[in-house]
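**Student:** Structure incoming, see below.
Chains as they are written, first to last, in the numbering used here: chain A, 5 to 192; chain B, -9 to 357.
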């Protein structure tokens, strides 16, 4: 299998949230990014965060379906990470010169803009979820994120029947929607 | 309760779980009621968002999981940053430049020292070459001319080799000779040879290394000298540009050379010597420097290695001083120096013919 085919395969796996594919990408590229970040005023945690965010960008791009692989995954991830880390350094003002890098990079600015937008939506939802509190959060996540059915949910959360659970879910959902749209309008 | 039913219906509709009949009915309902339509649109967007949220959350969970696993399996290790401090960071960034700069500095320093060594004036010793002749080939040549030099073999014992050669000249008729001190340096035995090829055994009476003068005495029953010396030893030096000549043994035969006095001092202003422009070679050391009247004004002893025809000679007054000192320490020494030249009026070739009889080759045998 050629490198190109292999990478396509990996991207497909990534888009499907396949653990094996993600793990392969992770294993192949993490050390490179670790060097980039740790050797440029970053910590281990910074390296992990930056790398995972870059994987998120790649994931979004792979899922969008319009993704054309015109460079190696490695190069793409490196470019994204460099960009992200530069931005982070600028924010925390620890940055006074160029980030040192020897690897080739590709322009990723557009992808990052899209990512920022998506991330904003994610953060909005996460904030709203955080605000509704338990058990609403777990309940809604069980239904919408983990796609459990109402019977399972009722059993798990200790409701006497599915209808009760449904009732509870409805109340929670209304609150969440309210919070989400409030947040959404607030920023837009 | 209605709201819950409606929500369930909307979700079912949006997920496409309704059968065609239900779906059509729902579409009709949306068209009739703008409120429901609004709710559907809004909920569609919301579900989309929550779906994406879910996706991302699952993905993130996966990432954390993988990171944790890889770390546990030691496929990811903590990295110690290479550049912790500002200085270290600068060092890492510029170490190549520093290395290059250091190399250039090193090379420059080396070059400078080499150039300094090459171009700076040499120490006097290496600057001048004493004209004592290294006679590695002298003896073999002497042996080649075995018939002519029959006496040589007789007097110089077989097995001993002549190591150095120079020139000396008579001070008086009793066999006192003067030569350069460096010619007879480290000598075990000395033989002198006249221009006819006769060898005589000689002893060193005194050496004055600072003046570079040695007095020898022929200690040989075969030695006879009739008459007086043709030349005198002059007490004063010559003038600049005065024509001078010398006789010596740079080879097995006596060699005549002429030149002129080019400076009244020797190397680096040495007032005990003077400088002459003459052609001189190893073997000329110890030879007399004579003026046109046939008066000895110096003893030739060295030449400058760096320049052509720059030869140095010890002033003749030094000979007189050395003799005076010798007389004081050894009362048996009876040298009478003539100051007047007997060849004054003669032309050069006749002068030389007379003088050459008094010029002896010095053969030094080191033990």
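All C-beta atoms, glycine included, are put in the ideal place defined by N, C-alpha and C.
Would you list, in chain order, the members of the region 42 to 63 of chain B that have their beta-carbon closer than 9 Å to a beta-carbon of chain A?
**Tutor:** If the cut-off is 9 Å between Cβ atoms, the region 42 to 63 of chain B has 42, 43, 44, 45, 46, 47, 48, 49, 50, 52, 53, 54, 55, 56, 57, 59, 60 near chain A.
**Student:** What residues from the region 139 to 157 of chain A come within 9 Å of chain B, judged by C-beta to C-beta, listed N to C?
**Tutor:** Per Cβ criterion, the list reads 144, 145, 148, 149, 150, 151.
**Student:** Can you name the start and end residues of the beta strand (DSSP E) that residue 362/B belongs to?
**Tutor:** Because chain B in this structure spans residues -9 to 357, residue 362/B falls outside the shown range and cannot be described.
**Student:** Using the Cα positions of residue 141/B and residue 188/B, report the straight-line distance between them to the nearest angstrom.
**Tutor:** Note on residue 141/B: pLDDT 43, under 50, position unreliable in the model; the coordinate value appears next. Their backbone Cα atoms lie some 6 Å apart in a straight line.
**Student:** Short of 8 Å in beta carbon distance, which residues of its chain neighbour residue 116/A, apart from the five on each side in sequence? Order them along the chain.
**Tutor:** Within the same chain, residue 116/A has close Cβ partners 61, 84, 87, 88.
**Student:** Who are the near neighbours of residue 206/B in its chain, counting only those whose CB is closer than 8 Å to its CB and skipping five residues on each side?
**Tutor:** Once the five neighbours on either side are set aside, the close Cβ partners of residue 206/B are 158, 166, 167, 168, 169, 174, 180, 182, 192, 193, 194, 195, 352.
**Student:** Spell out whether any CB of chain B is found under 8 Å from the CB atom of residue 63/A.
**Tutor:** Cβ-Cβ to chain B under 8 Å: yes for residue 63/A.
**Student:** Short of 6 Å in beta carbon distance, which residues of its chain neighbour residue 163/B, apart from the five on each side in sequence? Order them along the chain.
**Tutor:** Cβ within range, chain order: 215.
**Student:** One question on the structure: do residue 173/A and residue 143/A come within less than 8 Å of each other, judged by their Cβ atoms?
**Tutor:** Yes, Cβ-Cβ distance for residue 173/A and residue 143/A is below 8 Å.
**Student:** Starting from the C-beta of residue 184/B, find all residues in its chain whose C-beta is less than 6 Å away, skip the five residues before and the five after it, and write them out in chain order.
**Tutor:** Only 350 meet the Cβ criterion.
**Student:** Using the C-alpha atoms, what's the distance from residue 79/A back to residue 52/A?
**Tutor:** Approximately 17 Å between the Cα atoms of the pair.
**Student:** Can you check DSSP and say which residues form a bridge with residue 209/B?
**Tutor:** Answer is none; residue 209/B lacks a bridge partner.
**Student:** Nearest-angstrom Cα distance between residue 197/B and residue 177/B?
**Tutor:** So the alpha carbons of these two residues sit roughly 12 Å apart.
**Student:** Alpha carbons only, please: which of 49/B, 90/B, 122/B, 254/B is nearest the one belonging to residue 292/B?
**Tutor:** Closest option to residue 292/B, Cα to Cα, is 122/B.
**Student:** I'd like the ranges of any beta strand (DSSP E) spanning at least 3 consecutive residues and lying wholly in the region 47 to 93 of chain A.
**Tutor:** Runs found: none.
**Student:** So, at 8 Å on beta carbons, what are the nonlocal neighbours of residue 223/B in its own chain, with the 5 sequence-adjacent residues on each side left out?
**Tutor:** Once the five neighbours on either side are set aside, the close Cβ partners of residue 223/B are 161, 285, 286, 306, 309, 310, 327, 328, 329.
**Student:** Using beta carbons (cut-off 8 Å, strictly below), is residue 29/B in contact with chain D?
**Tutor:** In summary, chain D is missing from the structure at hand, where the protein chains are A and B.
**Student:** Which class does residue 96/B belong to by DSSP, given the choice of helix, strand or coil?
**Tutor:** Helix at residue 96/B.
**Student:** Note down the Cα distance separating residue 281/B from residue 345/B, rounded to an integer number of angstroms.
**Tutor:** Cα to Cα, residue 281/B sits roughly 12 Å from residue 345/B.
**Student:** Measure the C-alpha to C-alpha separation of residue 105/B and residue 250/B and round it to an integer number of angstroms.
**Tutor:** Those two C-alpha atoms are separated by around 35 Å.
**Student:** DSSP three-state call for residue 291/B: helix, strand or coil?
**Tutor:** Strand, per DSSP.
**Student:** Leaving out the 5 sequence neighbours to the left and right, which residues in its chain are closer than 7 Å to residue 274/B when beta-carbon positions are compared?
**Tutor:** Counting only Cβ-Cβ distances below 7 Å, and skipping sequence neighbours, we find 121, 157, 236, 238, 240, 290.
**Student:** Select from 62/B, 49/B, 41/B the residue whose C-alpha is nearest the C-alpha of residue 22/A.
**Tutor:** It is 49/B whose Cα lies nearest to the Cα of residue 22/A.
**Student:** Here's a check: name, in chain order, each residue in its chain whose Cβ is nearer than 6 Å to the Cβ of residue 175/A, leaving out the five neighbours to either side.
**Tutor:** So no residue of the chain qualifies.
**Student:** Does any C-beta atom of chain B lie closer than 8 Å to the C-beta of residue 218/A?
**Tutor:** The structure shown does not extend to residue 218/A, since chain A is modelled only from 5 through 192, so no value can be given for it.
**Student:** Residue 65/B versus chain A: which residues are under 7 Å apart at the beta carbon?
**Tutor:** What residue 65/B touches in chain A: 31.
**Student:** Measure the C-alpha to C-alpha separation of residue 244/B and residue 186/B and round it to an integer number of angstroms.
**Tutor:** Between residue 244/B and residue 186/B, the C-alpha separation is close to 10 Å.
**Student:** Taking 8 Å as the threshold (beta carbon to beta carbon), is residue 80/B in contact with chain A?
**Tutor:** Chain A contact via Cβ: absent.
**Student:** Report buried or exposed for residue 133/B, applying the criterion of at least 16 other Cβ atoms within 10 angstroms of its Cβ.
**Tutor:** Caution applies to residue 133/B, whose pLDDT of 42 falls short of 50 and renders its modelled position unreliable; the value that the coordinates give is listed next. Residue 133/B should be labelled exposed.
**Student:** What is the rounded straight-line gap between the Cα of residue 76/A and the Cα of residue 69/B?
**Tutor:** Answer to the nearest angstrom: the Cα atoms are 24 Å apart.
**Student:** At a CB-CB cut-off below 7 Å, which residues of chain B make contact with residue 74/A?
**Tutor:** Here the premise fails: no neighbours, minimum Cβ distance about 23 Å.
**Student:** Quick check: is the beta carbon of residue 116/A nearer than 8 Å to any beta carbon in chain B?
**Tutor:** False, the Cβ-Cβ gap to chain B never drops below 8 Å.
**Student:** Residue 235/B bridges to which residues according to DSSP?
**Tutor:** DSSP lists 248/B, 280/B as partners of residue 235/B.
**Student:** Report the start-end ranges of each beta strand (DSSP E) in the region 169 to 218 of chain B that is 3 residues or longer and not cut off at the edges.
**Tutor:** Runs of the beta strand (DSSP E) inside the region 169 to 218 of chain B: 179 to 183, 189 to 198, 203 to 208.
**Student:** Flag this pair as yes or no: are the beta carbons of residue 157/A and residue 146/A separated by less than 8 Å?
**Tutor:** It is a contact, given that the beta carbons lie within the stated cut-off.
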